[in-house]
Structures are given as C-alpha cells and as structure tokens.
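Protein chains in written order, with this note's numbering: chain A, 37 to 211; chain B, -19 to 258.
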C-alpha cells in the first residue's frame, strides 16, 4: 500500500487515482459544519483563517475527548456532503484537499480537478483506530465549539482511500 | 407492589451507556466478518478496517465511533413498580451524563437553532412504556446522526401496498448512498400513525440480525427488501460491492383504513445497543 507524508507535491497528488488505498501521515486540521461557517465569516471579513490553507488538508471530524495519556479520543470521519457548499471556495484558495466520508457534489469534484486537490475517504465508524493514529493534537481555534473546534493533528498512517482524485474522478461514480 | 429507587435506574443506564459506546453488537460483528469475505478491493479494505477498529475499541475501551450518538433509552416499567428517589427523567439523564463524561464520549447534543452544545449529551431520547409485572427493562441505543439523517417517513396510500413499502425502503437506502456508513441495518416501521411508525422503526433496530419477523408476509418483505438493496451495488462505505445492507428489520402495527405509514430508520454498521432488566 502507498505511504504518503504531507505536504503532498503536485506530482504526488496527480499520481493518485480514485480507489487507491493509502496510509497518510503528517499535519491535518479538523473542521466540521460550525467551524466552516466561522472560517467563511473570517474570510468574508478579509481576515486570515486559523490555519494556512495553502496545500493543507482538512479532516471533517469531531473527536471524542482524549483519554489520559493519549493525544486524541476516538476520531473517525463525519459525512463530507454537509461541507459541499464550503469545499470549492477553500480549494480555490489553495487548500490541498479534504478527508471525510461519503460522496461529495459535482461542484466539489470540479474544484478538485481545477485546483489539483484530492479528497480522501476515511473509513466511517473506525473512530478508535483513527484516534490511536493521532500522535499530537492541539486545539487552535473556536474552543467554545468543543468537539467541533479546529484541532491541528499530527497523524501517523491514517488508512484512507482516494475518493475523488485530482482529475475529478470519483470512486462513488464508479459503482 | 415493588419499590424501585430511580438511583438504581441511573446506575444501570450508566453501565449500559458505557458498554454500548465501546462495543459493536456480536451479531453485527459476525455479519461484518461474513461481508468482508464476500467483498474485494476498497470495500474489503473498509470492512477489515472496521473489524480491526472493533478490536481496538474493545481492548482500549474507547468509543468504536466518535459519534457516540443521541442516546435513545427505552424503558418498560411494570405497572406494579413504585418508583422512589426523585424524578425518573432526571435519573436517566444523570446516568447518560456520567457515562459520557467518564467514558470520554463525545457530547453531540445541541440546541437546534443556536447550535449551542448542552455539554453533557443530555437530554436522552427517552421513551417510557407501562407494561405488566414488577420489573424495569432498560434498552439503550446510542444513535449516530450520519445514518439518522438519511432516515425517512412516507405516508403511502393503502393501494400502494407491499410494493410501495418495498419501494420506500429501497429508495431511502439508495438516496442515502455512501452517507450513512454502509453496510447499513434498516429498521422499518409499517403501520401505526405518522409518529407511531417511526418509533416502530427505531425499536426494530434492537432485534438480532439473525432474526426474522414471526409474520410470514412481513418476513418476506424483510427478505425481498434486503436482496433489492444489495443489488444496488453501493457497498461498504459506498466503495461499491455486494453488501450494502446487513439486514432489513420490519415491525408492524395496525393502522387507519385510509393510510399506510412507513418509516425507514437507517442504522450504520456500528450497531450498538445494550439492555438489562432491573
């Protein structure tokens, strides 16, 4: 299986194809519905988002609290389709891609193709496994949102499947 | 008359919630293992990851899924039971509150408009039924919303009948696609009223995946719906494959001569439920 470490180069992204399983390591940022709303409010006001968008990956996830001695609690992906309206603008601003679960819209696939981004599917319901793969977690914004806040994660060997590649091809459309 | 202190209900709700959050039901694990053997490629990779996750969750007593759900609690209270020690609802909520704090479970309940989190996963989604006897039965099901969001109710006409029911079930699962974390378990309520059928559908989710409805005509709907769903090709996580649903569970109740309510409550592959009698 392909092992990848973030940040991904343009060549690495273009070498990925819908359906490829990968193990991904590096820095990612969590954000769900509420955090996206706030990031958009910041962008609309001309302010900077809480993390650099350039070639970053957003993980659609809201972790459980971390048990003692662990960086994170259970932390699998949430349904990506709820973020359909947010993803294209962030990709156009340089976002490298997203990690979540389930299909995303045609607009998102077009943006991924336009911006050479990649959408990875994590395996829904595998929260304990992903939580264990988080080696470091820091809450960097919107702490009042609790599990919906933005966390910077250092992850090791996240098992993922390329769901929509940089050519806009989707594993869900292959069925 | 038997006296039961609500404190003991609080304690039992606590233990059931702690266990449910970290445990995939045995019958579901067996069905997932079987599905993993039937599939290949990305779908098999997904199912093997899910099975590996169940092991980790058990070993580390961590939530199997970070969506530790809205806590549905079904109480069957014998009519010869006299409850003491304070309000019942507060006791159930206290058990949930303590379990979600101690278990490092995610608190996922918020105001529908302000979206402000209640901070302790309460209130629980509580249903109380008065039954014969002097026992208290507690059934608990933490329900994630990836799958809950994909559920549906349709008020069919009597003329639509069996085929209408099948179409409702299959179309709901098809429209849900990859979003409810397939392979799903489908709870179906047939009959009753607008709200009654939804309650039947949720209650169906407690049934063993190896069971079938004792009514022959209802069991045949379960079977046919499952085979039509698995012909959709959605597969585990929507990656494509033969197993989109592990089981369809139907429950029926008498309805009005003018109607045929059907509710479809979708459950993700993380089937978590616990029960005990006090």
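We treat Cβ as the ideally placed atom computed from N, Cα and C, and that holds for glycine. Quantities reported herein were computed from a predicted structural model and do not represent experimental measurements.
Along the chain, where does the beta strand (DSSP E) containing residue 135/B start, and where does it finish?
Translated into the one-based positions of the second chain, residue 135/B becomes position 155. Here the beta strand (DSSP E) through residue 135/B covers 132 to 136.
Tell me which same chain residues have a C-beta within less than 6 Å of the C-beta of residue 200/A, skipping the five on either side of it?
For the purposes of this step, residue 200/A is taken as residue 164 along the first chain, with counting starting at 1. Once the five neighbours on either side are set aside, the close Cβ partners of residue 200/A are 145, 148, 155 and 206.
Show which residues of chain B have a CB atom less than 9 Å away from the CB atom of residue 130/A.
Position 94 of the first chain holds residue 130/A. Contact of residue 130/A with chain B by beta-carbon distance below 9 Å is absent, the smallest such distance being about 27 Å.
Buried or exposed: residue 228/B, going by 16 or more other Cβ atoms within 10 Å of its Cβ?
By 1-based counting over the second chain, the position of residue 228/B is 248. Result: buried.
Alpha carbon of residue 26/B to alpha carbon of residue 218/B, nearest angstrom
As a first step, residue 26/B must be located in the second chain, where it is residue number 46. As a first step, residue 218/B must be located in the second chain, where it is residue number 238. So the alpha carbons of these two residues sit roughly 10 Å apart.
With 8 Å set as the bound, which would you pick, yes or no: does the beta-carbon of residue 22/B sit closer than that to a beta-carbon of chain A?
Looking up residue 22/B in the second chain gives position 42. Residue 22/B counts as touching chain A.
Would you call the segment 64 to 80 of chain A and the segment 169 to 189 of chain A touching, i.e. three or more CB-CB distances under 8 Å?
Output reads yes: the segment 169 to 189 of chain A touches the segment 64 to 80 of chain A.
Compare the C-beta of residue 159/A with all C-beta atoms of chain B and state if any pair is closer than 8 Å.
Position 123 of the first chain, counting from 1, holds the residue named residue 159/A. Residue 159/A counts as touching chain B.
Own chain partners of residue 244/B with C-beta closer than 7 Å, once the 5 adjacent residues on each side are dropped:
Position 264 of the second chain, counted from the start, is the residue given in the question as residue 244/B. Contacts found: 131, 132, 148, 149, 152, 166, 168 and 181.
Report the start-end ranges of each alpha helix (DSSP H) in the segment 66 to 114 of chain B that is 4 residues or longer and not cut off at the edges.
Complete alpha helix (DSSP H) runs here, min 4: 68 to 82.
I want to see whether chain B comes within less than 8 Å of residue 208/A, judged by CB atoms only; does it?
The count along the first chain starts at 1 and reaches residue 208/A at position 172. Flagged as an interface residue toward chain B: residue 208/A, by a C-beta distance shorter than 8 Å.
Would residue 91/A pass as an interface residue toward chain B - the criterion being a Cβ-Cβ separation below 8 Å?
Along the first chain, read from residue 1 onward, the residue named residue 91/A stands at position 55. No, residue 91/A does not count as interfacial toward chain B.
Residues of chain A with CB under 9 Å from residue 36/B, in chain order?
Residue numbering aside, residue 36/B sits at position 56 when the second chain is read from its first letter. What residue 36/B touches in chain A: 162, 164, 165, 167 and 168.
By the criterion of Cβ-Cβ separation under 8 Å, what are the contact partners of residue 52/A in chain B?
Position 16 of the first chain holds residue 52/A. Residues of chain B whose Cβ lies closer than 8 Å to the Cβ of residue 52/A do not exist, since the nearest Cβ in that chain is about 13 Å away.
Quick check: what's the CA-CA separation for residue 82/B versus residue 178/A?
Counting from one through the second chain, the residue named residue 82/B turns up at place 102. Counting from one through the first chain, the residue named residue 178/A turns up at place 142. In a straight line, the C-alpha of residue 82/B is about 24 Å away from that of residue 178/A.
Which residue spans inside the segment -6 to 78 of chain B form an unbroken beta strand (DSSP E) run of at least 3?
The segment -6 to 78 of chain B contains, as complete beta strand (DSSP E) runs of 3+ residues, the segments 50 to 58 and 61 to 64 (chain order).
Just the Cα atoms here: how many angstroms apart are residue 189/B and residue 48/A?
By 1-based counting over the second chain, the position of residue 189/B is 209. By 1-based counting over the first chain, the position of residue 48/A is 12. Within the model, the alpha-carbon separation for residue 189/B versus residue 48/A is close to 43 Å.
Touch check for the segment -1 to 17 of chain B and the segment 132 to 143 of chain A: three-plus C-beta pairs under 8 Å?
They do not touch, by the three-pair rule.
Using a threshold of 8 Å, state whether the C-beta atoms of residue 98/A and residue 162/A are closer than that.
Residue 98/A sits at position 62 when you count from the first residue of the first chain. Residue 162/A sits at position 126 when you count from the first residue of the first chain. No.
Output the distance between the C-alpha atoms of residue 106/A and residue 74/B, rounded to the nearest integer angstrom.
On the first chain, position 70 is the one that residue 106/A refers to. On the second chain, position 94 is the one that residue 74/B refers to. Rounded to the nearest angstrom, the two C-alpha atoms are 27 Å apart.
Which residues in the same chain as residue 221/B place their Cβ atom closer than 6 Å to its Cβ, once the five residues preceding and following it in sequence are excluded?
If you number the second chain from 1, residue 221/B lands on position 241. Once the five neighbours on either side are set aside, the close Cβ partners of residue 221/B are 19, 23 and 215.
Are residue 76/B and residue 252/B touching if we call contact CB-CB under 8 Å?
Position 96 of the second chain, counting from 1, holds the residue named residue 76/B. Position 272 of the second chain, counting from 1, holds the residue named residue 252/B. Cβ atoms of residue 76/B and residue 252/B: not closer than 8 Å.
Please tell me whether, using a cut-off of 7 Å, the distance from the CB of residue 105/B to the nearest non-hydrogen atom of the ligand ZN is below it.
Absent from the structure shown: the ligand ZN. Ligands present: none.
Cβ atoms of residue 198/A and residue 54/A: under 8 Å apart, would you say?
Reading the first chain from its first residue, position 18 is the one you call residue 54/A. Reading the first chain from its first residue, position 162 is the one you call residue 198/A. In terms of Cβ geometry, residue 54/A and residue 198/A form a close pair [threshold 8 Å].
Beta-carbon within less than 8 Å of residue -12/B's beta-carbon, same chain only, minus the 5 sequence neighbours each way: which residues are those?
Position 8 of the second chain, counted from the first residue, corresponds to residue -12/B. Take residue -12/B, set aside five residues on each side of it, and the residues of its chain with a beta-carbon closer than 8 Å to its own are 258, in chain order.
Backbone CA spacing between residue 57/B and residue 113/B [nearest angstrom]:
Translated into the one-based positions of the second chain, residue 57/B becomes position 77. Translated into the one-based positions of the second chain, residue 113/B becomes position 133. Those two C-alpha atoms are separated by around 8 Å.
Using the three-state DSSP reduction, which class does residue 116/A fall into: helix, strand or coil?
Taking the first residue of the first chain as 1, we reach residue 116/A at position 80. Look at residue 116/A here: in three-state DSSP terms it is helix.
Segment limits, alpha helix (DSSP H) that includes residue 178/B:
Taking the second chain and counting its residues from 1, the one referred to as residue 178/B is at position 198. Unbroken alpha helix (DSSP H) run through residue 178/B: 174 to 184.
Is the CB of residue 33/B under 8 Å away from at least one CB in chain A?
Along the second chain, read from residue 1 onward, the residue named residue 33/B stands at position 53. At a cut-off of 8 Å between C-beta atoms, residue 33/B counts as an interface residue with respect to chain A.
Using a Cβ cut-off of 8 Å, pull out every chain A residue sitting near residue 101/B, in sequence order please.
On the second chain, residue 101/B is found 121 positions in, with the first residue counted as 1. Scanning chain A for C-beta atoms nearer than 8 Å to the C-beta of residue 101/B yields nothing, as the closest lies near 11 Å away.
Using a Cβ cut-off of 8 Å, pull out every chain B residue sitting near residue 141/A, in sequence order please.
By 1-based counting over the first chain, the position of residue 141/A is 105. Here the premise fails: no neighbours, minimum Cβ distance about 12 Å.
Check residue 104/A in the structure and name its three-state DSSP category.
On the first chain, residue 104/A is found 68 positions in, with the first residue counted as 1. Of the three classes helix, strand and coil, the one that applies to residue 104/A here is coil, per DSSP.
Report yes if the CB atom of residue 52/B is closer than 8 Å to the CB atom of residue 72/B, and no otherwise.
Start at 1 with the first residue of the second chain, and residue 52/B comes out as number 72. Start at 1 with the first residue of the second chain, and residue 72/B comes out as number 92. In this structure, residue 72/B does not lie closer than 8 Å to residue 52/B by Cβ.
How is residue 49/A classed by DSSP in three states: helix, strand or coil?
Residue mapping note: residue 49/A aligns to position 13 of the first chain, counting from 1. For residue 49/A, the three-state secondary structure derived from DSSP is helix.
Spatially closest choice to residue 204/A from 84/A, 133/A and 110/A, by CA coordinates
Within the first chain, residue 204/A is the residue found at index 168, counting from 1. Looking at the Cα atoms, 133/A is the closest of the given residues.
Length-filtered (3 minimum) beta strand (DSSP E) runs lying within the segment 102 to 181 of chain A
Listed in chain order, they are 133 to 136, 154 to 158 and 170 to 177.
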